[in-house]
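Student: Position 32 of the sequence shown, counting from 1, maps to 32 under the UniProt record's numbering, and the rest follow consecutively.
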Amino acid sequence: MSLPVEKTAGLTMGAARDARRRGLPRRLPVLATLSGPLLLAGCAGDAPSALNPGGAGATRVAGLWWLLFWISVAVFAEVMAVLAWALVFRRGNARVRHGQPLRFVTIAGAGLPFVILVVVYGVGLRDLAALGDGPGPDAPTVEVTGHKWWWEVRYPGASGATANEIHIPVGERVKVRLRTDDVLHSFWVPQLMPKTDLIAGETRETWLRAERPGSYRGQCAEYCGTQHAHMAFLVVAQPRTDFDAWLARLDAPAREPRTDAERRGRQAFVQGTCAACHAVRGTGAAGRVGPDLSNVGSRWSLGAGAVPNDAGHLGGWIANAQTVKPGNAMPPQPVDAAELPDLIAYLRSLE
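1) Tell me which same chain residues have a C-beta within less than 6 Å of the C-beta of GLN219, skipping the five on either side of it?
2) Thinking C-beta only, is ILE168 closer than 8 Å to ALA210?
3) What number of angstroms, rounded off, separates the C-alpha of TRP65 from the C-alpha of GLY54?
4) Does DSSP put THR259 in a helix, in a strand, or in coil?
5) Excluding the 5 residues flanking LYS195 on each side, which residues of the same chain have their C-beta closer than 6 Å to its C-beta?
6) In the DSSP assignment, find the alpha helix (DSSP H) that holds SER72 and state where it starts and stops.
7) Indicate whether HIS278 and PRO291 have their beta-carbon atoms separated by less than 8 Å.
8) For ARG179, which residues from the same chain have a beta carbon less than 6 Å from its beta carbon, with the 5 sequence-adjacent residues on both sides left out?
9) Can we say the segment 57-77 touches the segment 124-143, given the rule of at least three CB pairs closer than 8 Å?
10) Can you give the Cα-Cα distance for ALA56 and VAL119, rounded to whole angstroms?
11) For LYS148, tell me which candidate among ALA161, LEU184, ASP251 has the shortest Cα-Cα distance.
12) Which same chain residues, not among the five before or five after TRP207, have their C-beta less than 8 Å away from its C-beta?
13) Given PRO326, which residues of its chain have a CB within under 8 Å of its CB, disregarding the five upstream and five downstream residues?
14) Between ALA306, GLY171, LEU343, which has its C-alpha nearest GLU262's C-alpha?
15) How about THR162 and VAL153: are their beta carbons less than 8 Å apart?
16) Considering only the alpha carbon of each residue, which of ALA229, SER349, GLY132 lies closest to ASP310?
17) Taking C-alpha atoms, which residue in PRO253, ALA329, THR323, LEU347 lies nearest to VAL307?
18) Evaluate VAL289 with the Cβ neighbour count: other Cβ atoms within 10 Å of its Cβ, from every protein chain shown; 16 or more gives buried, anything less gives exposed.
19) Look at the alpha carbon of ALA338 and the alpha carbon of GLN191, and state the distance between them as a whole number of angstroms.
20) Using a Cβ-Cβ cutoff of less than 7 Å, which residues in the same chain neighbour TRP70 once the five nearest sequence positions on both sides are dropped?
21) Tell me which residues share the same chain as ILE199 and place their Cβ nearer than 8 Å to its Cβ, disregarding the 5 neighbours each side in the sequence.
22) At the level of alpha carbons, what is the spacing between GLY157 and GLN333?
23) May I ask you to report which of helix, strand or coil DSSP gives ASP251?
24) If I follow the unbroken alpha helix (DSSP H) through HIS147, where does it start and stop?
25) If you run the structure through DSSP and keep just helix, strand and coil, what is ARG177?
26) Out of curiosity, what's the CA-to-CA distance linking VAL75 and ASN52?
27) Tell me the rounded alpha-carbon separation between GLY265 and VAL280.
28) May I ask which residues mark the beginning and end of the alpha helix (DSSP H) holding SER349?
29) Could you tell me the distance, in whole angstroms, from the CA atom of TRP317 to the CA atom of PRO253?
Okay, structure coming up:
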């Protein structure tokens, strides 16, 4: 005697469901093993964090975050304590009792959140006022322009420019003027200052102050296209004397070639297609479409954090930047294989 189709289907689905349930415990170790590295990746010690502040602006943000954290911990502990008390000391009968609510519960339930909100609001207003209190008119100034997908950095009074690196003196407030050349970007240095959006047609201002020397990674914090993740920059905080020396070099011609390979590389750079988009101070290359390369040899990365700045990656970038950072504005270059080592030698000498 055969079973109805509906019943057979039900038994089949039930058996499959039971099989999945029995197989889940066996798959848990595999899932845990695969997810472990992903979870550990979020604990990278070198990741920039506003909770590890290096300047006055980020210190304000970190203080507000910790205030909210400890308030949340206290509220959570209180709720768990009341829940545990209710579970342990509940009455033995399940009858529903009606009556007036306890006045203490009403007052605490309304008053405590009100006090917390007032405290957080007051601290937030205080910090907002402090963050908006920018440097004076005589403070050092840097002008940063966001492009798809790199940062142009200029200093008023200096003839040269750099890219994806901002140098500032330690212990001083530096005014930062922000513009965008295309779409919406957001300027963010987690360890120094909160985000500031860059809006087309507007000049926004923020400020940076680093309390200790070092390098602080920044990032575009607003999605701006396919290479948004590769739009990083570095803030280099250094003593005032070192900063002044660096700024003087930014206003001087690029370093002269010292070897035959570097001289051939400069000739290929100036006479080839490179000079149409890029500038090198003191040469015939004066392009403004791409980054100024007068000190490219000393920069921390290529492509705004896309790859390290070494000879191999530089050669790959020159030959076909689209394979390194797809979608960027630099087209593949028809570079002669014999000229490529000379171009690499010349560009790496520009420090």
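Quick reminder that beta carbons are idealized off the backbone N, C-alpha and C, glycines included.
Tutor: This is what the structure holds:
1) Contacts found: TRP188, ALA232.
2) The answer is yes: Cβ separation under 8 Å.
3) The straight-line gap from Cα to Cα measures roughly 16 Å.
4) DSSP places THR259 outside both helix and strand once states are collapsed to three, so it counts as coil.
5) Setting aside the 5 residues that flank it on each side, LYS195 is surrounded in the same chain by SER186, TRP188, ALA221, each with a C-beta closer than 6 Å to its C-beta; the list follows chain order.
6) Segment 56-88, the alpha helix (DSSP H) holding SER72.
7) Yes; because the gap between Cβ atoms is below 8 Å, this pair is in contact.
8) Same-chain partners within the cutoff: THR145, THR203.
9) In this structure the segment 57-77 lies against the segment 124-143, because at least three pairs of beta carbons, one per stretch, are closer than 8 Å.
10) Straight-line Cα distance between these residues: approximately 21 Å.
11) Of ALA161, LEU184, ASP251, the residue nearest in Cα terms is LEU184.
12) Short of 8 Å from the beta carbon of TRP207, and not among the five residues preceding or following it, lie these beta carbons of its own chain, in chain order: GLY57, GLY134, PRO135, ALA139, ARG173, VAL174, LYS175, VAL176, MET193.
13) These residues qualify, in order along the chain: THR226, GLN227.
14) Nearest of ALA306, GLY171, LEU343 to GLU262, Cα basis: LEU343.
15) Yes; because the gap between Cβ atoms is below 8 Å, this pair is in contact.
16) Scanning ALA229, SER349, GLY132 for the CA closest to the CA of ASP310 turns up SER349.
17) A check of alpha carbon separations from VAL307 across PRO253, ALA329, THR323, LEU347 identifies THR323 as the nearest.
18) That one is exposed.
19) When rounded, the distance between both Cα atoms is 44 Å.
20) So no residue of the chain qualifies.
21) The residues are THR180, LEU184.
22) Each residue's Cα considered, the two are about 34 Å apart.
23) It is coil, neither helix nor strand.
24) For HIS147, no alpha helix (DSSP H) run applies; the uninterrupted beta strand (DSSP E) run containing it begins and ends at 141-147, by DSSP.
25) ARG177 falls in the strand class under three-state DSSP.
26) The alpha-carbon of VAL75 is positioned some 25 Å away from that of ASN52.
27) When only Cα atoms are considered, GLY265 and VAL280 end up about 13 Å apart.
28) From DSSP, the alpha helix (DSSP H) with SER349 extends over 340-349.
29) Answer to the nearest angstrom: the Cα atoms are 24 Å apart.
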